[in-house]
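The structure appears right after this line, and notes come after that.
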Amino acid sequence: MSARIGVITFPGSLDDSDAARAVTAGGADAVRLWHADTDLQGVDAVVLPGGFSYGDYLRCGAIARFAPMMGAVIDAARDGLPVLGICNGFQILCESGLLPGALIRNNHLHFICRDQKVRIAADDTAWTADFAAGQEIVIPVKNGEGGYVADERTLDMLQAENRIVARYVGNPNGSLRDIAGITNESRTVVGIMPHPEHAIDPLTGPTADGLVFFTSIVTTLAARVGA
Amino acid sequence: MARIVVTVMLKPEILDPQGTAVRGALTRLGLTGVADVRQGKRFVIDLEGSLDADREALLTKLAGELLANPVIEDYSLQVEA
Amino acid sequence: MARIVVTVMLKPEILDPQGTAVRGALTRLGLTGVADVRQGKRFVIDLEGSLDADREALLTKLAGELLANPVIEDYSLQVEA
Amino acid sequence: MSSTDNAAVTQRGVDTVERAAASPDVQQPWAELGLKADEYQRIRDILDRRPTSAELAMYSVMWSEHCSYKSSKVHLRQFGAKQPVTDALLVGIGENAGVVDIGDGWAVTFKVESHNHPSFIEPYQGAATGVGGIVRDILAMGARPLAVMDSLRFGAPEHPDTSRIVGGVVAGVGGYGNCLGLPNIGGEAVFDSCYQGNPLVNALCVGAMRHEDIHLAKASGVGNLVVLYGARTGGDGIGGVSVLASETFDATGPAKRPAVQVGDPFMEKLLIECTLQMFKEHLVEGIQDLGGAGLSCATSELASNGDGGMRVHLEKVPLRDATLSPEEIIMSESQERMMAVVHPDNIDRVMQICAHWDVTATVVGEVTDGSNLQVFWHDELIVDVPPRTVAHDGPVYERPYHRPAWLDARQADEPTAQRCPRPTSAAEFSEHILRLMSSANLCDREWLTSQYDRYVLGNTVAAMPHDSGVVRIDEASGRGIAVSLDCNGRFGALDPYAGAQLALSEAYRNVAVSGATPLAVTDCLNFGSPEDPEVMWQFAEAVRGLADACLTLGTPVTGGNVSLYNQTAQTAIHPTPVVGVLGVIDDVRSRITMHGARYGDSILLIGRTREEFAGGEWAHVLHGHLGGTAPVVDLAAEMALAKVVREHSPLITSAHDLSDGGLAVALAELVLRNDYGVSVSLSDTEADGFTMLFSESVARAVVTVAAQDVDAVRAACELAGLPSALLGVVSEERSLVIDTDAGRIAISREELAAGWSSALPAIMA
Ligand SMILES: Nc1ncnc2c1ncn2[C@@H]1O[C@H](COP(=O)(O)OP(=O)(O)O)[C@@H](O)[C@H]1O
Ligand SMILES: [Mg+2]
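Residue numbers (the working numbering), protein chains in the order written: chain A, 15 to 241; chain B, 53 to 133; chain C, 53 to 133; chain D, 14 to 778.
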């Protein structure tokens, strides 16, 4: 039976159908979840998609973090449920305390959409298992508030514990230490600013490099079952 | 050292989607009787030396040209120190 | 009717790209001696009825959880009326 | 403060139908509302009494230029009269947007609209609400909006006000579209001093649906309910109508009314999802977006297109500003609202869907068996009109027009070698190419396009920098569309008839070189004041030109927009008929892009090059010259080029059309946009090096093909009556090398890129 991966839709989620498409392309079943529900429907992992939840009129992710479904996700994530937050999803993960730090306005103050080179730094998270550390990939980045910030201690800690998942090659937004993505202590929750779900087919994206995030989780879940 | 605080708010008759979003969230999180929320900007400007009349005049002018768009926003200046 | 104003500013140690841009623009437009500019947010919240202790406590809590992200921001509340 | 409690508003002083009938001599401010004396009289004749103040408000705005097309209507009729015979048109001009059949049961709707004047006053919000408005038009046809495009005109790059407008407009187009989740797949950005006080912001939206899902704006079925949903109504965009409010609200007086509308893209995203869900469940009998003229427009059009009357209870409209008078509510142009006609059996489900998405929805009226549109304010009848007279039977002007006397002199002022000295040495050629590439209109658009999300929805097959935007519609079959939006206003200034045709020609070519079959046209006609007979002539000529050319190309005009009064004092903008062409591709995997070429591929130039520099970029950038005759319009060649490219798309590894700046610019762009170089010789071509490189003749493209396919493609060109020339090869060395009669031009990619990439950021700095 293939893995079941939930994709949550918040009001203002925009890349939710893309995330679901990528989940399917990675070999899992996509289960659509609604922000106002609380039942995770027994999914094996969850994707928080990109977009502008609630318009992102306050701080990105600040309102979505309080959605009923996020309550369920936060509890389950603490118990080991793998969660991938992409862009707005990354912001929601930081706001809800599942990941440290915060994302602020890009240093050049513009929204930026471009094909971005990224270096995978940690290949031992639930979502990057099929990568090799040091591998360079190209996936789209598109955000207005993608500048990762945290205090020095946190940054040092992330680095020391190899919890920086990916770094920009050519920083697009002023993220500290070129951070494009990070993971939690148990390496199950990953937040990433650029969009792997928009790089699953060279027809509609710059590459198919992003697909590996979605095959990785299938690999990880299969290993769990096997273990 | 002088500190000037410029406050910029959308005019009352202008739609404020940000304030509306905050109002909705506060209400959902249990705060009762929220009649209205408006969201604005606040600029804290530190100037070297003291604030002479020339600089104050220029700053007042720039507040209405650069920091606020008077077509949709009201603004006010406050000298703090 | 009660009015509460919540002010949210980025912590001093967090880089403020918007403030930096405003500082650059003010200087280019002729304002001399601009030492620093920080840009923050201001929420004007109107509540029906008077502000009882319960609602004030909840609002204070939400200011620190919803309106501000304490990882990067400082905030303050002021009851106006 | 928002409140639904309209009862709080005093009813004292409301002008009822009864009162109007009883007081024929009341002085009414028709002139302040922009009506002419005879128009006011016509309203009185229609109603057989004086209008109430609410009726006066409705007629005045619905009969305005913007809503009634009173100056342009007589000309626009040509689009119908000269409509080519085509099976592709499912819904023609007159609806919110036209609908085109693209095969397999899929229908596509698209339209371009202007938001010029608001964008000058508040560039961010003006542009943002422009995008919001056109997206609702597409939604109202029953389609899921798929992508947006924007065609922009700004003042001179060096003018101090230009960066304010560019920055605000681009951030506004991006801010709204990005937050709404629609990819931006292309557009234009042009700088010219004629747009200094009148920037143009034209936004296009394209959407798709199944044939059976097409929805029209009509209210039928007695007893059906009229639902208003979306944002609350505020005092937006009703400046002029406040004269009425101040008449009726003597003591209290209305609050100040906003001069500018603020967009709420989040609300619009919710509107889209909630509307599509209603369509999916077949809950909607008729639907209309609320745009210009708000409820006046939506109710009168729905009622006029239906088979009965309509009754509306205005006090039920949810308000953002409780002080609004009924006249103002009916006129408000608040954004992000829709109106649906729903069978009573379905109303609960509709309300449920709206609640699910947290969208306010209110039943504000019903379809009646009468013939009139009746509006009540509490229990009083304040509007009682035949809806057709408001929505469709507005005044029609036959404005006088005549060819400007100065046009002969301008057309005689050719950019001859004496008047505009030409490069003679290879070094001069290089310098001219570099100056062109770093000029405001040809430089890299990255600063601007990178602010637009082009990936969201996951179906974007081509966006910037490609010649047209390509979007996949059907994931299984790969069926998709290509869209391009183009215009060169300088050609319009030389000859508006040809200028409109050249805009069409360019958009058609851009779509064709992507491998698509052009099917249909939308247009946004931006001109100066129709009250100036010379401007009116330009307008009439442009419409005639576009209609004639559409007939020849077999691509009907499906809809569009007219924007007049784009002028400062006596100076009008260049005639700027922006034309959008929509094409279909059976399988987007076979599209042709600007990339794709391999080392060693041969470079072919297809099409005839004439000595045509008037209105072109070379004359503009190098000499600031505008005069002469516009390039020859050759629609037959344009069709032949499209056919050759389409039929040989498997052989063509990349294609790029020739337009602004001619061959020199097209070749330079290939070098800049790819990781290869270009090495060509002009010795075997039909004209001298200067003409070959800088002429802007139509119906031309550079294509690359594998060496073994050169003969096949050239033979096809010959068969189609198109000249072709084998120019050279795609080289590994990343530079632009051109052998000309004046010697060898060799420019490295770095040299080309330096000025090209820094020019736009420099304007914005
Ligand atoms: N305002 C705009 N919005 C979106 N895309 C734009 C805009 N201006 C230019 N572009 C895109 O940038 C690319 C280069 O533009 P341009 O040089 O004008 O195209 P072309 O060479 O086809 O005339 C094209 O893909 C075009 O669609
Ligand atoms: Mg082109």
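Don't be surprised by glycine CBs; every beta carbon is placed ideally from N, CA and C.
These numbers were taken from a predicted model, which means no experiment stands behind them.
- Look at G493/D here: in three-state DSSP terms it is strand.
- Non-local C-beta neighbours of L78/B in its own chain, meaning closer than 6 Å and more than five positions away in sequence, comprise V86, ordered along the chain.
- In the DSSP assignment, the residues bridged to P154/A are D129/A.
- DSSP places L159/D outside any alpha helix (DSSP H); the residue lies instead in the beta strand (DSSP E), whose first and last residues are 157-167.
- Shown here, F204/D sits in a strand according to DSSP, grouped into three states.
- Collapsing the DSSP output to three states places Q130/B in a strand.
- For S16/A and E294/D, the gap between their C-alpha atoms comes out near 31 Å.
- Interface flag for A109/C against chain A is unset, since no Cβ pair is found closer than 8 Å.
- For N215/D, the enclosing beta strand (DSSP E) begins and ends at 213-223.
- For V179/A, no alpha helix (DSSP H) segment is defined; the enclosing uninterrupted segment is the beta strand (DSSP E) at 178-182.
- Partner residues in the beta bridge of P590/D, as assigned by DSSP, are L538/D.
- For A77/B, the neighbours in chain C by C-beta distance under 8 Å run, in chain order, L118.
- Residues of the same chain with a CB within less than 7 Å of the CB of G85/A, apart from the 5 flanking positions on each side, are T52 in chain order.
- Contacts with chain D at 8 Å (Cβ-Cβ) do not include R73/A.
- No residue range can be given for N454/D, since it is assigned to no beta strand (DSSP E) and is classified by DSSP as neither H nor E.
- The secondary-structure analysis by DSSP pairs Y242/D across a beta bridge with M351/D, A374/D.
- Taking 9 Å as the upper bound on Cβ-Cβ separation, chain A lies near residues E459, W460, T462, S463, Q464, Y465, D466, R467, Y468, V469, L470, G471, N472, T473, V474 of the stretch 451-474 of chain D.
- Under the 8 Å criterion on CB atoms, V74/B is classed as interfacial with respect to chain A.
- Proximity of chain C to K93/B at the Cβ level (cut-off 7 Å) is accounted for by Q91, K93, R94, in chain order.
- When secondary structure is reduced to three states using DSSP, M61/C falls in the strand class.
- With a cutoff of 8 Å on beta-carbon distance, I251/D and E346/D are scored as near each other.
- For the stretch 60-71 of chain B, the residues whose beta carbon sits under 8 Å from a beta carbon of chain D are, in order, L62, K63, P64, E65, I66, L67, D68, P69.
- DSSP, read as helix, strand or coil, puts F95/B in strand.
- At the C-beta level, G674/D and S708/D stay beyond 8 Å of one another.
- The beta-carbon separation of T373/D and V330/D, rounded to 10 Å, does not stay under the 8 Å limit for a contact.
- Rounded to whole angstroms, the Cβ separation of P428/D and G641/D is 6 Å, and the two are in contact under 8 Å.
- The Cβ atoms of T38/A and A143/A lie no closer than 8 Å to each other.
- Membership of Q301/D in the beta strand (DSSP E) is indicated by the continuous run 299-302.
- G205/A is a Cβ neighbour of G195/A, given a cutoff of 8 Å.
- A straight line joining the alpha-carbon of D106/C with that of Q130/C spans about 16 Å.
- At the C-beta level, D163/D and N191/D stay beyond 8 Å of one another.
- In the three-state reduction of the DSSP assignment, A738/D falls in the strand class.
- R119/A belongs to the set of residues whose beta carbon lies under 8 Å from a beta carbon in chain C.
- Under the three-state reduction of DSSP output, A425/D falls in the helix class.
- The closest CA to that of P644/D, considering only A520/D, D508/D, R611/D, is found on D508/D.
- Residue pairing from DSSP leaves V98/D without any beta-bridge partner.
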